[in-house]
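Each number in this note's numbering comes from the position in the sequence shown (counting from 1) with 1350 added on.
Data block below; observations after.
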Amino acid sequence: MANTRPQKVAEQIRIELSQLLARDVHDPGIGFITLTKVSVTPDLQLARVYYTSLGDENRLRETGKALHRALPFLRRQIAQRVRLRRVPEIEFCYDKSVAQHDRVEQILQELKAEADARPPAPDADAPHDESKD
């Protein structure tokens, strides 16, 4: 039961931040991002916000900078919208797991394509005539 409070706070912060980023933050550097997860420390002092974004390395860097610029505004808004004694510090972290998942999926598709292109292997279950050896 002690673990549910940080999870509830994390989910509420994720919902509010998603709405704020979609409606109220007009920094073109942010672009299209998705908040994948928010984790809050048990003492509710730090909220790590994991996000994904489309684009190359340079675009991801720009998104990180824009999120950092918007941080004071976002934190003030969270203070007004989420009922907490003290608003946690917010830390944005790029979520690499989605990109890694996409890469694994791409590799698996390439392996399947190679396997489909290869001629079928001799049947290993077929009876083997040892007298010919």
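Note that beta-carbon positions come from the ideal geometry of N, C-alpha and C, so glycine has one too.
As the structure is a prediction and not an experimental result, all values here were calculated from the model.
Other residues of its chain near residue i: CB distance less than 8 Å, five sequence neighbours each side excluded
i, result
"Q1357", "V1390"
"V1388", "A1360, E1361, I1363, R1364, L1367, A1397, R1398, V1399 and Y1400"
"C1443", "R1398, V1399, Y1400 and Y1401"
"G1379", "E1412, T1413, K1415, A1416 and R1419"
"R1436", "L1394 and Q1395"
"D1377", "A1416, R1419 and A1420"
"D1445", "T1386, K1387, Y1400, Y1401 and T1402"
C-beta atoms of residue i and residue j nearer than 7 Å
i, j, result
"A1501", "V1359", "Nothing about residue 1501 can be read from this structure; the chain reaches only from 1351 to 1483."
"Q1427", "L1370", "yes"
"I1440", "R1453", "no"
"Q1395", "P1438", "yes"
"L1404", "F1382", "yes"
Residue i, DSSP secondary structure in three states
i, result
"R1364", "helix"
"L1434", "coil"
"D1377", "coil"
Residues bridged to residue i (per DSSP)
i, result
"I1440", "A1397"
Residues near residue i in its chain [Cβ-Cβ closer than 6 Å; skip 5 each side]
i, result
"R1355", "none"
7 Å Cβ shell around residue i - same chain, five flanking residues per side excluded
i, result
"M1351", "Interpretation of M1351 is limited by its pLDDT of 45, a score under 50 that renders its predicted location unreliable; no figure is taken from the coordinates."
"A1463", "none"
"R1431", "E1366"
List, from N- to C-terminal side, the alpha helix (DSSP H) runs of 4 residues or more that fit wholly inside the region 1379–1431.
1407–1431
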